[in-house]
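See structure below.
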Amino acid sequence: MSEQRKFMPNARLDDLLAQLTRAGFQLIGPQLQEGAIVYRPMTSVAELPLGVRDSQAPGRYRAARGEEGGRWFAWANGPQALKPLTFAPREPMWRAVAAEGRLHFAAVLPEMPPTAVIGVRACDLAALAIQDRHFADEPAYQARRRQLLLVAVNCSHPAATCFCASTGDGPAASSGYDLLLDELDEGFVVAAGSEAGAGILALLNLTDADPTQLEEAAALLGRAAAVQQRTLPAGDLAATLFARLDHLRWDEVAQRCLACANCTQVCPTCFCHSHQEVPALDGSHSEHYREWDSCFSEGHSYIHGFKVRPDIRTRYRQWLTHKLGGWQRQFGRSGCVGCGRCITWCPAGIDITEEARAICAGEP
Ligand code: SF4
Ligand code: SF4
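Residues 1 to 364, numbered by my numbering, are exactly what the sequence shown covers, in order.
In structure tokens form, the structure reads like this:
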């Protein structure tokens, strides 16, 4: 896709949304609801979080309107990524009906209209690329994924918990978007990343971004990377972590971890799930459900009468070694995109970067 970058004044943001609606997309965008920025259906610019800023720290999240005006996207992220849009928290997978002396099975596929998501972050695009691979042959995921058009906004205000610069997944979006915006004071630098995005961009009939606007956008991204303080340890994390399975730090973190599974629910790459059969009492039919699960839940490692991971120590160790180590072998990259959500939304304030550093330090 050619990277011809245009400039869209603030007053034209509504036109962009209108063009997407005219093209047949329902809109989903960030909104401030109950103190958090969440993705919700929307119809106009007025619903976007203008002037909202967020403040995040281990175990702490605040989002609130600041001064009058301000920017629409001057916050880092909320508890949701794109995950619930493609991998539903709970959904039927198939249905079985008893008739003529036998069971008839039929797959249940979700019906989702074409959906444009506004304000997608670079870290969440990176997570989506991983989930695309994991669910490559999964019909329900793919049925939803095909319907998405992604309008990304480069991140200019990372939270204190963000470390996407360390994982190489942000703050600039490098691929996976249909349209990409850089928010400046007076408007947006806009680029297309797909044929669909280019089609929408052409309809807006914008002028080229000038060198000053491009420099300003680059400077914002440079600052957004430079202010990030957290990092993951460098080197071969898979080898280092798997050589330290008996490290004392696993016992220490297990004293603090509540096994609440918040970290895995907000993580945009976690995909653990369980299955449940829900039969009718009269035996006439049955539905088979898939729902999000977590490697922190007690039953997730239950196999044939015993739990493979019976305590929090082994469950936390499983999460961290799989996320930062095992995924290297599965997907050729870490399972962490540096969004920082697991740090912010952990009620105990456990910080994956701190734990990884403590476990990797010193001799095995
Ligand atoms: S492990 Fe934590 S920081 Fe990494 S992608 Fe998941 S939620 Fe984000
Ligand atoms: S690390 Fe934090 S969020 Fe994750 S299960 Fe433990 S207490 Fe819950």
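All C-beta atoms in this analysis are idealised placements derived from N, C-alpha and C, irrespective of residue type, glycine included.
Inset, instruction - List the DSSP bridge partners of P30. - result: Y39
Inset, instruction - Would you mind giving the Cβ-Cβ distance between A74 and S174, rounded to the nearest angstrom? I have them listed as a contact below 8 Å. - result: Actually they do not touch by this definition, with Cβ atoms about 22 Å apart.
Inset, instruction - Could you check which residue in T207, D210, Y177 and L214 has the C-alpha nearest to that of A196? - result: Y177
Inset, instruction - To the nearest angstrom, report how far apart E291 and Q213 are at their CA atoms. - result: 45 Å
Inset, instruction - Determine the closest residue to R22 out of F7, M8 and S44, with distance taken between C-alpha atoms. - result: S44
Inset, instruction - Could you pull out every unbroken beta strand (DSSP E) segment of at least 3 residues lying fully inside the region 284 to 353, listed in chain order? - result: 285 to 292
Inset, instruction - Determine the DSSP secondary structure at Q147, reduced to helix, strand or coil. - result: Residue state for Q147 is assigned as coil, using DSSP reduced to three classes.
Inset, instruction - Using alpha carbons as the reference points, say which of E68, Q4 and L82 lies closest to I372. - result: Within the shown structure, residues of the chain are numbered from 1 to 364, placing residue 372 beyond reach of any answer.
Inset, instruction - Could you check which residue in A64, C123 and E100 has the C-alpha nearest to that of C336? - result: C123
Inset, instruction - Following the continuous beta strand (DSSP E) through R60, name the residue where it begins and the one where it ends. - result: R60 to R65
Inset, instruction - Would you list the one or two residues that DSSP bridges to E100? - result: Paired residue(s): none; E100 is not in a bridge.
Legend entry - Nearest neighbour of M112, chosen from K307, R145 and A254 [CA to CA]: R145
Legend entry - Segment contact flag, the region 45 to 65 with the region 97 to 110, C-beta cutoff 8 Å, min 3 pairs: Short answer: they don't touch.
Legend entry - Given H322 as reference, the closest of V52, A238 and A254 once Cα atoms are compared: A238
Inset, instruction - With a cut-off of 8 Å on the beta carbons, I'd call R341 and P89 a contact; round off their distance for me. - result: That belief does not hold up - the Cβ atoms of R341 and P89 are roughly 16 Å apart, past 8 Å.
Inset, instruction - Any chance you could list the residues with Cβ under 6 Å from a heavy atom of ligand 2, keeping chain order? - result: Answer in sequence order: C257, L258, A259, C260, A261, N262, C263, F296, C346, P347, A348 and I350.
Inset, instruction - Label V278 either buried or exposed according to how many other C-beta atoms from any shown protein chain fall within 10 Å of its C-beta, with 16 as the threshold for buried. - result: exposed
Inset, instruction - Go through its chain and collect everything with a Cβ distance to I118's Cβ below 6 Å, but skip five positions before and after it. - result: So the qualifying residues of the chain are G29 and V151.
Inset, instruction - Could you tell me the distance, in whole angstroms, from the CA atom of I200 to the CA atom of L16? - result: 8 Å
Inset, instruction - Kindly examine ligand 1 and report whether one of its heavy atoms sits closer than 7 Å to the Cβ of V190. - result: no
Inset, instruction - Could you check how far apart the C-beta atoms of R309 and D251 are, in whole angstroms? I think they sit under 8 Å. - result: Contact flag wrong, Cβ pair sits at about 14 Å.
Legend entry - Pair within 8 Å by beta-carbon distance, A127 and H285: no
Inset, instruction - Compute the Euclidean distance between the alpha carbons of E363 and Q19, then round it to the nearest angstrom. - result: 58 Å
Inset, instruction - Note down, in chain order, each residue of its chain lying with its Cβ closer than 6 Å to the Cβ of H275, except the 5 sequence neighbours on either side. - result: R290
Inset, instruction - Answer yes or no: the CB of R341 versus the heavy atoms of ligand 1, is any distance below 7 Å? - result: yes
Inset, instruction - Determine, using beta carbons only, whether C270 and T264 come nearer to each other than 8 Å. - result: yes
Inset, instruction - Evaluate F188 with the Cβ neighbour count: other Cβ atoms within 10 Å of its Cβ, from every protein chain shown; 16 or more gives buried, anything less gives exposed. - result: buried
Legend entry - Segment contact, 8 Å Cβ cut-off, at least three pairs: the region 222 to 238 with the region 159 to 167: Verdict: yes, contact present.
Legend entry - Residue range of the beta strand (DSSP E) that includes H247: No beta strand (DSSP E) contains H247, which DSSP labels as neither H nor E.
Legend entry - Span of the beta strand (DSSP E) around P279: H273 to P279
Inset, instruction - Count the CB pairs spanning the region 38 to 55 and the region 202 to 222 that are closer than 8 Å, and state whether there are at least three. - result: no
Inset, instruction - Compute the distance between the beta-carbons of G51 and E67, then report whether it is under 8 Å. - result: yes
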